[in-house]
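*Asks:* Handing you a structure now.
Number of protein chains: 2
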Amino acid sequence: MIDAAGLRVMKAIRDEGSFTAAAASLGYTQPAVSQMVRRLEQRTGTVLVERLGRKVRLTEAGEVLARYAGTVLTALDAAEEEVAAIAGLRSGRVRLWAFPSSSATVVPHALALVKRRYPDVVVTFNEAEPPESLAALRAGECDIAVAFTYEGLDLGEIQEDLESLAVTKLLDDEVRLALPKNHPLAKRKGVSLDDLSDDPWIAGCPKCRGHLLHLAREAGFAPDVAFETEDYVAVQGLVAEGLGVALIPDLILRTTHHPDVVALPVEPASRREIFAVTTPDLSRVPAVAATIDALVEAAKVHG
Amino acid sequence: MIDAAGLRVMKAIRDEGSFTAAAASLGYTQPAVSQMVRRLEQRTGTVLVERLGRKVRLTEAGEVLARYAGTVLTALDAAEEEVAAIAGLRSGRVRLWAFPSSSATVVPHALALVKRRYPDVVVTFNEAEPPESLAALRAGECDIAVAFTYEGLDLGEIQEDLESLAVTKLLDDEVRLALPKNHPLAKRKGVSLDDLSDDPWIAGCPKCRGHLLHLAREAGFAPDVAFETEDYVAVQGLVAEGLGVALIPDLILRTTHHPDVVALPVEPASRREIFAVTTPDLSRVPAVAATIDALVEAAKVHG
DNA sequence: CCATCTGGATAACGAGCCGTTATAGAATGG
DNA sequence: CCATTCTATAACGGCTCGTTATCCAGATGG
């Protein structure tokens, strides 16, 4: 019934003392104010302005409206400013979920970039493997999921999602074969999987295990998986002790490379793709877009 | 830019969890909400709602708007309620200015009526002679002026005002001739002014003095005005002491009649008219109208 | 696995709000 | 008394903001 525009007009009339001055202060013409007052009086069924010859003065009811105008307009301005701050990256919160091996390299770098550029944008961070992070994204618990997918494989599960999501490629992560440095093949420049069909294997996260099984099947054997752990420091420890060989993404080796482990290129080359994933809506939120941009730049450095 | 309707919609979406439910709770159709959100998003240049398949969820910016909605809508409701209270006579303030002799009788009775009927309407009261109270009315310092005018005379000054004012007749107040009870004419049933052309006169307020001069001139003499005072108790004291005779309105005699004074009808009869005056605008303010109604009723009783 | 249902987006449309300009009328001040 | 200044009103136009009708996607249940 009563709206902010009406209150603004009443306040202007009280402050300026005449319709004409009120109109000028609002950037309106005089009849606009005159009609607005009339409408308000009709709606409230009350006289709001007392016309004293050439002067006008608010009635008691009119004063009430003018008084509330302050509260309402201040709140509206504050709301607008807060939204503008989010839009202008002077504020904002991004919930980023990333898988563990990205959190050591690309993600911290990206967060530093965002922090430097937009000090008041807060990026919260959570470690999670791709299926979990994508579920969180769809549930609205996170804004950006940093996920990966192994080439050629297991797109099935994720791909369906990706169609309705906004996916940004970050980098390709070459997969290498980790051997103890005293392994017979450790001096080679590269190896193919079937060279190691008789070795015991150490598998990483479930997706990585699936990838290993996939590559091995293509190479024509079923690997003997002796250990499984999601911790790649542990994987390298096991390899160093000669308990098995493993596939390890290059990204991990860049940050933690056990001295007694050698990592050889795999033939044929295999890699995983790392993405930043968000929803189409969120991709248009400035803080989210800025964070994804930072991830892309960080990925270039680490690519 | 942002208005209350937009905030109300955002709040409803947050509270209800879907556009459809929000629309229902507001009495709108679903497309109305859908379009309102789109408009708000265009205006703010920000994504306000995240569409998650069949569910929707507010973004950070959307939450900001929903949060402010409470403040704004509460203030608007409060403003509306306060105005409605004034319109519904559950609140309100009336500034009444009345001339002294009315304040003893009609006005107190009227105030009692208003108080009984509308306990929360506050009538403030001020004593002032007609020219002053009418000036206050025109200056916006008072809402109702209770004034009088002597029959046939001096309308000139007031009449011009009355055309642009809202005038309500309250009562006719007969003017009587006050004599000391031992005056030679004190036993008459009535007197004409020229019976007393040789007596000294005591004049009341300036208007009353003017009225006296007018009547005397019509009767063919110029009165010897021995004293002037606006206090009619004093006037009667002077009359009782035999220091002169005076014209006194009946209304005054009803409340304070000096035992040593007799008040005889004047021939030909003369009276003053008592009015409640307000502005056309104010006459439509419920509390003002109610007070004038009460004055009319009180005047009937005292007529 | 398909049918169904629920919820959102979009198009088309209409009413009403709310501005504008033009003009008349009333009050004030020199 | 005239000029100025203020408000009121009429006529008009555009945009906001509803509506209905319809389509499409996602969830659900047999």
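Protein sequences appear in the order of chains X and A. Reminder that position 227 of the first sequence reads as 227 in my numbering, one-by-one numbering, no gaps. Reminder that position 195 of the second sequence reads as 1195 in my numbering, one-by-one numbering, no gaps. The beta-carbon is built from N, C-alpha and C at its ideal position, and this holds for glycine as well. The model shown is predicted, which means the values in this text are computed figures rather than measured ones.
Can you give me the C-alpha to C-alpha distance between Lys1169 (chain A) and Val1296 (chain A), rounded to a whole angstrom?
*Replies:* The alpha-carbon atoms of Lys1169 (chain A) and Val1296 (chain A) are separated by roughly 8 angstroms.
*Asks:* By the three-class DSSP mapping on this structure, what secondary structure does Ser197 (chain X) have?
*Replies:* Coil.
*Asks:* Taking beta-carbon pairs under 7 angstroms, can you tell me which members of the region 281 to 302 of chain X lie near chain A?
*Replies:* Those residues of the region 281 to 302 of chain X that come within reach of chain A (Cβ to Cβ, closer than 7 angstroms) are Asp281, Leu282, Arg284 and Val285.
*Asks:* Can you list the residues of chain A that Ala79 (chain X) reaches, using a CB-CB cut of under 9 angstroms?
*Replies:* Those are Ile1002, Leu1007, Val1064, Leu1065, Arg1067, Tyr1068, Ala1069, Thr1071 and Val1072, listed as they occur along chain A.
*Asks:* From this set, X:Asp231, X:Gly70, X:Gly6 and X:Cys205, which residue's C-alpha is nearest Val33 (chain X)'s C-alpha?
*Replies:* Considering only alpha carbons, the answer is X:Gly6.
*Asks:* Mapping DSSP to helix, strand and coil, what is Val33 (chain X)?
*Replies:* In this structure, Val33 (chain X) counts as helix in the three-state DSSP scheme.
*Asks:* For Phe99 (chain X), which option in X:Val225, X:Leu243, X:Ala112 and X:Pro131 has the closest C-alpha, if you only look at C-alpha atoms?
*Replies:* The option with the nearest alpha carbon to Phe99 (chain X) is X:Pro131.
*Asks:* Using a Cβ cut-off of 8 angstroms (strictly closer), state whether Arg93 (chain X) contacts chain A.
*Replies:* Closer than 8 angstroms: yes.
*Asks:* Where does His1257 (chain A) land, buried or exposed, given buried means 16+ other C-beta within 10 angstroms?
*Replies:* Exposed, since its Cβ has fewer than 16 Cβ neighbours within 10 Å.
*Asks:* Would you kindly work out how many angstroms separate the C-alpha atoms of Gly204 (chain X) and Trp97 (chain X), rounded to a whole number?
*Replies:* One C-alpha to the other measures close to 19 angstroms.
*Asks:* Would you say Glu1157 (chain A) lies against chain X (beta-carbon separation less than 8 angstroms)?
*Replies:* Its pLDDT being 49, under 50, Glu1157 (chain A) is placed unreliably in this model, and the value from its coordinates should be taken loosely. No - not a single Cβ of chain X is within 8 angstroms of the one on Glu1157 (chain A).
*Asks:* So does the region 181 to 190 of chain X actually touch the region 210 to 221 of chain X, counting three or more Cβ pairs closer than 8 angstroms?
*Replies:* Short answer: they don't touch.
*Asks:* Going by DSSP, what residue range makes up the beta strand (DSSP E) through Tyr1150 (chain A)?
*Replies:* Element bounds for Tyr1150 (chain A): Ile1144 to Tyr1150.
*Asks:* When the Cα atoms are used, what is the spatial distance from Thr29 (chain X) to Leu65 (chain X)?
*Replies:* Between Thr29 (chain X) and Leu65 (chain X), the C-alpha separation is close to 21 angstroms.
*Asks:* Spatial neighbours of Arg1014 (chain A) within its chain, please: CB distance less than 8 angstroms, with the 5 preceding and 5 following residues excluded, ordered by chain position.
*Replies:* Once the five neighbours on either side are set aside, the close Cβ partners of Arg1014 (chain A) are Leu1058, Gly1062, Glu1063 and Ala1066.
*Asks:* Give the straight-line distance between the Cα atoms of Ser270 (chain X) and Ser102 (chain X), rounded to the nearest whole angstrom.
*Replies:* Cα-Cα distance, rounded: 18 angstroms.
*Asks:* Assuming Thr1278 (chain A) is part of the beta strand (DSSP E), what are its boundary residues?
*Replies:* Per DSSP, Thr1278 (chain A) belongs to the beta strand (DSSP E) from Arg1271 to Thr1278.
*Asks:* Classify Ser91 (chain X) as helix, strand or coil using the three-state DSSP reduction.
*Replies:* It is coil, neither helix nor strand.
*Asks:* Can the beta-carbon of Ala1222 (chain A) be found closer than 8 angstroms to that of Val1094 (chain A)?
*Replies:* No, the Cβ-Cβ distance between Ala1222 (chain A) and Val1094 (chain A) is not below 8 angstroms.
*Asks:* Which class does Glu1241 (chain A) belong to by DSSP, given the choice of helix, strand or coil?
*Replies:* Of the three classes helix, strand and coil, the one that applies to Glu1241 (chain A) here is coil, per DSSP.
*Asks:* Report yes if the C-beta of Gly1244 (chain A) is less than 7 angstroms from at least one heavy atom of the ligand HEM; otherwise report no.
*Replies:* Judged by which ligands are present, the structure shown has none, so any question about the ligand HEM falls away.
*Asks:* Pairs of beta-carbons, one from the region 240 to 252 of chain X and one from the region 165 to 183 of chain X, closer than 8 angstroms: are there three or more?
*Replies:* They touch, by the three-pair rule.
*Asks:* Once you ignore the five residues that flank Leu1076 (chain A) on each side, which residues in its own chain have a CB closer than 8 angstroms to its CB?
*Replies:* Correct list, in chain order: Ala1004.
*Asks:* Are the Cβ atoms of Phe1227 (chain A) and Ala1147 (chain A) separated by less than 8 angstroms?
*Replies:* No.
*Asks:* For Phe227 (chain X), does the three-state DSSP call read helix, strand or coil?
*Replies:* Phe227 (chain X) falls in the strand class under three-state DSSP.
*Asks:* Cβ atoms of Leu1052 (chain A) and Arg284 (chain X): under 8 angstroms apart, would you say?
*Replies:* No, the Cβ-Cβ distance between Arg284 (chain X) and Leu1052 (chain A) is not below 8 angstroms.
*Asks:* Taking all protein chains shown into account, do 16 or more other C-beta atoms lie within 10 angstroms of the C-beta of Thr255 (chain X), making it buried, or fewer, making it exposed?
*Replies:* With fewer than 16 other Cβ atoms within 10 Å, it is exposed.
*Asks:* Can you say whether Ser91 (chain X) is buried or exposed, counting buried as having 16 or more other CB atoms within 10 angstroms of its CB?
*Replies:* Counting Cβ neighbours within 10 Å, Ser91 (chain X) comes out buried, since at least 16 surround it.
*Asks:* Which same chain residues, not among the five before or five after Ala23 (chain X), have their C-beta less than 7 angstroms away from its C-beta?
*Replies:* Excluding residues within five positions, the ones whose Cβ falls inside 7 angstroms are Thr29, Gln30, Ala32 and Val33.
*Asks:* I want to see whether chain A comes within less than 8 angstroms of Leu76 (chain X), judged by CB atoms only; does it?
*Replies:* True, the Cβ-Cβ gap to chain A drops below 8 angstroms.
*Asks:* I need the DSSP call for Leu1285 (chain A), collapsed to helix, strand or coil.
*Replies:* Rather than Leu, the amino acid found at residue 1285 (chain A) in this sequence is Val. Correct three-state label for Val1285 (chain A): coil.
*Asks:* Looking at the structure shown, is Ile2 (chain X) part of a helix, part of a strand, or coil, going by DSSP?
*Replies:* DSSP places Ile2 (chain X) in coil when its eight states are reduced to three.
*Asks:* Tell me, to the nearest whole angstrom, how far the beta carbon of Val1167 (chain A) is from that of Ala1298 (chain A); I am working on the premise that it is less than 8 angstroms.
*Replies:* Val1167 (chain A) to Ala1298 (chain A), Cβ: 17 angstroms. No contact.
*Asks:* Taking the alpha-carbon positions, what's the Leu134 (chain X) to Thr149 (chain X) distance?
*Replies:* Distance between the alpha carbons of Leu134 (chain X) and Thr149 (chain X): 12 angstroms.
*Asks:* Check each residue of the region 46 to 59 of chain X: if its Cβ is closer than 9 angstroms to any Cβ of chain A, include it; give the result in chain order.
*Replies:* If the cut-off is 9 angstroms between Cβ atoms, the region 46 to 59 of chain X has Thr46, Val47, Leu48, Val49, Glu50, Arg51, Leu52, Gly53, Lys55, Arg57 and Thr59 near chain A.
*Asks:* Please list, in chain order, the chain A residues whose beta carbon lies closer than 7 angstroms to that of Gly140 (chain X).
*Replies:* Glu1050, Leu1052 and Arg1057, listed in chain order.
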